[in-house]
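Residues 45 to 236 (the numbering used here) are what the sequence shown spells out, left to right.
From the three backbone atoms N, C-alpha and C, an ideal C-beta is built for every residue, glycine too.
Computed from a predicted model, the values in this text were never measured in an experiment.
Notes for the one structure printed next.
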Amino acid sequence: MRKRGGDSAALHSSSSSSLEVPPLLEELDIDMGLVWRKTLSILHPLRPADPSIHAENANLSGPFLFVLSFRLIQVLAGKLHFGVALEWVAVASVFLYFVSSKLSAGRHGDVDLYRCLSLVGYGMLPMVIFFAVSLFLPRGGRLIFGVAVGFVLWSTKVCTRLLASGAADEHRGLIAYACCLVYKIFSLLVAF
Numbered sequence: 045m046r047k048r049g050g051d052s053a054a055l056h057s058s059s060s061s062s063l064e065v066p067p068l069l070e071e072l073d074i075d076m077g078l079v080w081r082k083t084l085s086i087l088h089p090l091r092p093a094d095p096s097i098h099a100e101n102a103n104l105s106g107p108f109l110f111v112l113s114f115r116l117i118q119v120l121a122g123k124l125h126f127g128v129a130l131e132w133v134a135v136a137s138v139f140l141y142f143v144s145s146k147l148s149a150g151r152h153g154d155v156d157l158y159r160c161l162s163l164v165g166y167g168m169l170p171m172v173i174f175f176a177v178s179l180f181l182p183r184g185g186r187l188i189f190g191v192a193v194g195f196v197l198w199s200t201k202v203c204t205r206l207l208a209s210g211a212a213d214e215h216r217g218l219i220a221y222a223c224c225l226v227y228k229i230f231s232l233l234v235a236f
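Laid out in structure tokens, this is it:
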């Protein structure tokens, strides 16, 4: 018959070594302070978003939280098409990456796809707020479309400011047009 003393000693030594393991967010390299600062830089609709905060470290944890909240709000509204949000964010990011890379070809303001995905995701924050507000608005009326226009313009302003930080002034309008098209699609997902 085998004694259990050896098992408890191994269990005790493994539990003491597990205390030295860093927290999960730190292990995954997720800085919630940075996500919070980036979120706060976008939340004020009249103050321009600060591109220096978003340029220092592109991450997908904040955009993932925004898309997840978008999905939660869609479920609360009774819409059960789950893949649409992530697919549209991916397609929108590739589209905006293509537009911004063609407009800033050879300049300092080149944006890689990962950073573009991060910026489109952070630009989704006003749209997530719109999705939450739209739960209390009547469907298909002029009111929801008027509110949608305001939030689309807010998202467009944020995303254009962040994407076009290195682009020439004459290209900002083209980038803003592309951003406006992307966020109109998201607003149509809510309005209908």
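Separation of residue j from residue i, as counted between CA atoms
i, j, result
"Phe142", "Glu64", "44 Å"
"Leu109", "Asn101", "17 Å"
"Ser246", "Gly167", "Any property of residue 246 remains undetermined from this structure, which presents the chain solely from 45 to 236."
"Ile219", "Thr204", "6 Å"
"Ile117", "Ala176", "6 Å"
"Val193", "Ile229", "12 Å"
"Arg159", "Asn103", "7 Å"
"Ala235", "Thr200", "18 Å"
"Trp80", "Leu207", "20 Å"
"Pro92", "Ser231", "21 Å"
"Ser137", "Ala222", "11 Å"
"Cys224", "Val191", "15 Å"
"Tyr227", "Ser178", "15 Å"
"Trp237", "Arg115", "This structure does not reach residue 237, given that the chain is present from 45 up to 236, and the question cannot be answered."
"Ser57", "Leu163", "Note that Ser57 has pLDDT 49, beneath the 50 cutoff, so the model's placement of it is unreliable and the number below is only indicative. Roughly 45 Å separates the two Cα atoms."
"Phe139", "Pro182", "32 Å"
"Pro89", "Phe174", "13 Å"
Helix, strand or coil at residue i [DSSP, three-state]
i, result
"Lys228", "helix"
"Lys123", "coil"
"Phe180", "coil"
"Pro92", "coil"
"Ala102", "coil"
"Glu214", "helix"
"Gly236", "Note that residue 236 corresponds to Phe in the displayed sequence, not to Gly. If DSSP states are grouped into helix, strand and coil, Phe236 belongs with coil."
First and last residue of the uninterrupted alpha helix (DSSP H) at residue i
i, result
"Gly165", "157-167"
"Glu131", "128-147"
"Ala192", "186-207"
"Leu87", "76-87"
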